[in-house]
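Using full-length UniProt numbering, read the sequence shown as starting at 1 and increasing by one per residue.
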Amino acid sequence: MTDLTKVPVTVITGFLGSGKTTLIRHLMANPQGKRLAVLVNEFGTVGVDGEILKSCADANCPAENIVELANGCICCTVAEDFIPTIEALMAMPQRPDHILIETSGLALPKPLLKAFDWPAIRSRITVDGVVALADAEAVAAGRFAPDVSAVEAQRAADDSLDHETPLSEVFEDQIACADLVLLTKADLAGEAGLAAARGVIEAEAPRKLPILPVSEGVVDPRVVLGLNAAAEDDLAARPSHHDGHDDHEHDDFDTVVIELGEVADPEALQAAIIRLACEQDILRVKGYVAVAGKPMRMLVQAVGARVRAQYDRPWGDTPRATRLVVIAEHDKVNEAAIRTVLEG
Numbered sequence: 001m002t003d004l005t006k007v008p009v010t011v012i013t014g015f016l017g018s019g020k021t022t023l024i025r026h027l028m029a030n031p032q033g034k035r036l037a038v039l040v041n042e043f044g045t046v047g048v049d050g051e052i053l054k055s056c057a058d059a060n061c062p063a064e065n066i067v068e069l070a071n072g073c074i075c076c077t078v079a080e081d082f083i084p085t086i087e088a089l090m091a092m093p094q095r096p097d098h099i100l101i102e103t104s105g106l107a108l109p110k111p112l113l114k115a116f117d118w119p120a121i122r123s124r125i126t127v128d129g130v131v132a133l134a135d136a137e138a139v140a141a142g143r144f145a146p147d148v149s150a151v152e153a154q155r156a157a158d159d160s161l162d163h164e165t166p167l168s169e170v171f172e173d174q175i176a177c178a179d180l181v182l183l184t185k186a187d188l189a190g191e192a193g194l195a196a197a198r199g200v201i202e203a204e205a206p207r208k209l210p211i212l213p214v215s216e217g218v219v220d221p222r223v224v225l226g227l228n229a230a231a232e233d234d235l236a237a238r239p240s241h242h243d244g245h246d247d248h249e250h251d252d253f254d255t256v257v258i259e260l261g262e263v264a265d266p267e268a269l270q271a272a273i274i275r276l277a278c279e280q281d282i283l284r285v286k287g288y289v290a291v292a293g294k295p296m297r298m299l300v301q302a303v304g305a306r307v308r309a310q311y312d313r314p315w316g317d318t319p320r321a322t323r324l325v326v327i328a329e330h331d332k333v334n335e336a337a338i339r340t341v342l343e344g
């Protein structure tokens, strides 16, 4: 007999470096008896997040259930990429019990929800919930707008004014679309930072949302999965800056891939990444580094001036090469200047 039960899908959204991949790794390790599949949509051609997740594959979420869609927004390539990928997951001999979608940090979630109404899939899957991750420390510092309350007051007073930066619009759209907000890196923000971040999110949210602090992606999976929101049928309650537009643009952001040789001094490279954030307003750097004399590759992930690096696995048969994805607002990407800093 054909199973007519819809497969639930959780959309995990959040700004660059907010901890989406860390959360998914935790869910993969604690699947509550569910067979999971993961769809990762990256901004740029180097699939760092997808590789990280594939290294965590197990019987509950085998490597073939982890699919990367790189260098293209899934809500802009619905027919070409998203629908065929979902259909392929649904056609597997062992159909997944739950699908996790990690959106690009630049993605607006509402256009993706609209894709779930496509005839090919709408009777087979449902959006169990949209989980928005927000870096508590960054939100508390007001990095999405100089003064969120003042900007909102100006916008409310005069609809013709546009005081929003592209980053704040992405942040606000993600919060407005969410069923649950996770304040990540709570240990770094502290109690005062968490309270400030919660205040910002409550001011932006169009309705009352559960807001939970988490550290290192650790949260009870029962809180994240099984929301039963059917979000695709609830779009009117999820307002967006882009409502009424036929499409949305990603031209506010750009990405460049910098390839380097072996790196002799990884600490100097991390210092250079911090310089990029401070001097060139680079938002995000992520990739793999070949460190001279080291058999293992170094995974680097930076959000602004915060850099994290770790040796994740041996290079093995993979060619040793340093490849870094650099993301910033469109007019801040100067490949030559970025390369000069990274090459020291």
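Where is the CB? At the ideal position from N, CA and C, for every residue including glycine.
All values reported here derive from a predicted model rather than from experimental measurement.
Local conformation of residue i per DSSP, three classes
| i | result |
| --- | --- |
| Val-341 | helix |
| Gln-301 | strand |
| Pro-295 | coil |
| Cys-283 | Rather than Cys, the amino acid found at residue 283 in this sequence is Leu. The answer is coil: DSSP assigns Leu-283 none of H, G, I, E or B. |
| Thr-13 | strand |
| Thr-318 | coil |
| Val-48 | Only weak support is given to the placement of Val-48: the predicted model assigns it a pLDDT of 47, under 50, and the value that follows is read from those uncertain coordinates. Helix. |
| Val-307 | strand |
| Thr-184 | strand |
| Ala-178 | coil |
| Asp-159 | The predicted model places Asp-159 with a pLDDT of 44, which falls under 50 and marks its position as unreliable, so this point remains unresolved. |
| Arg-25 | helix |
| Ala-328 | strand |
| Val-333 | coil |
| Gln-154 | For Gln-154, the pLDDT reaches just 45, beneath the cut-off of 50, and the residue's location in the model is therefore unreliable, leaving the point undetermined. |
| Ala-290 | coil |
Selection from the options that minimises the alpha carbon distance to residue i
| i | options | result |
| --- | --- | --- |
| Gly-17 | Val-38, Asp-135 and Pro-31 | Asp-135 |
| His-26 | Glu-216, Val-303 and Trp-118 | Glu-216 |
| Gly-304 | Cys-177, Thr-318, Cys-278 and Pro-206 | Cys-278 |
| Thr-255 | Glu-329, Met-92, Asp-97 and Thr-318 | Glu-329 |
| Leu-108 | Tyr-288, Val-131, Ala-29 and Gln-280 | Val-131 |
| Val-127 | Ala-290, Lys-20 and Ala-230 | Ala-230 |
| Thr-340 | Pro-210, Leu-183 and Ile-273 | Ile-273 |
| Val-224 | Lys-208, Ala-192 and Asn-30 | Asn-30 |
| Leu-212 | Met-28, Lys-185 and Gly-226 | Lys-185 |
| Glu-169 | Val-181, Asn-228, Pro-239 and Ile-125 | Pro-239 |
| Leu-194 | Asp-179, Arg-323, Gly-142 and Ala-236 | Gly-142 |
| Ala-205 | Ala-189, Asp-220, Ala-88 and Ala-178 | Ala-178 |
| Ala-237 | Leu-227, Glu-259, Asp-220 and Arg-207 | Arg-207 |
Outcome for residue i when other beta-carbon atoms lying within 10 angstroms are tallied against a minimum of 16
| i | result |
| --- | --- |
| Val-263 | buried |
| Ser-123 | exposed |
| Lys-110 | buried |
| Asp-334 | The amino acid occupying residue 334 in the given sequence is Asn; Asp does not appear at that position. Exposed: under 16 other Cβ atoms inside 10 Å. |
| Ala-138 | buried |
| Asn-41 | buried |
| Pro-8 | buried |
| Gly-33 | exposed |
| Asp-173 | buried |
| Glu-68 | buried |
| Val-218 | exposed |
| Gln-94 | exposed |
| Pro-210 | exposed |
| Glu-343 | exposed |
Any non-hydrogen atom of the ligand ADP within 7 Å of residue i CB
| i | result |
| --- | --- |
| Tyr-311 | Absence of the ligand ADP is noted for the structure shown, with no ligands found whatsoever. |
Proximity test, Cβ basis, 8 Å: residue i and chain D
| i | result |
| --- | --- |
| His-241 | The chain labelled as chain D is not found in the depicted structure, where only one protein chain is given. |
Suppose only complete runs of 4+ residues qualify. What are the alpha helix (DSSP H) ranges in the region 199 to 277, listed by chain order? 221 to 224
Runs of beta strand (DSSP E) lying entirely within the region 80 to 150, each at least 3 residues, in chain order: 98 to 102 and 125 to 135
Under 8 Å, with one C-beta from each stretch per pair, do the region 310 to 319 and the region 291 to 302 reach the 3-pair mark? yes
Does the structure place the region 265 to 277 close enough to the region 191 to 204 that three or more beta carbon pairs sit under 8 Å? no
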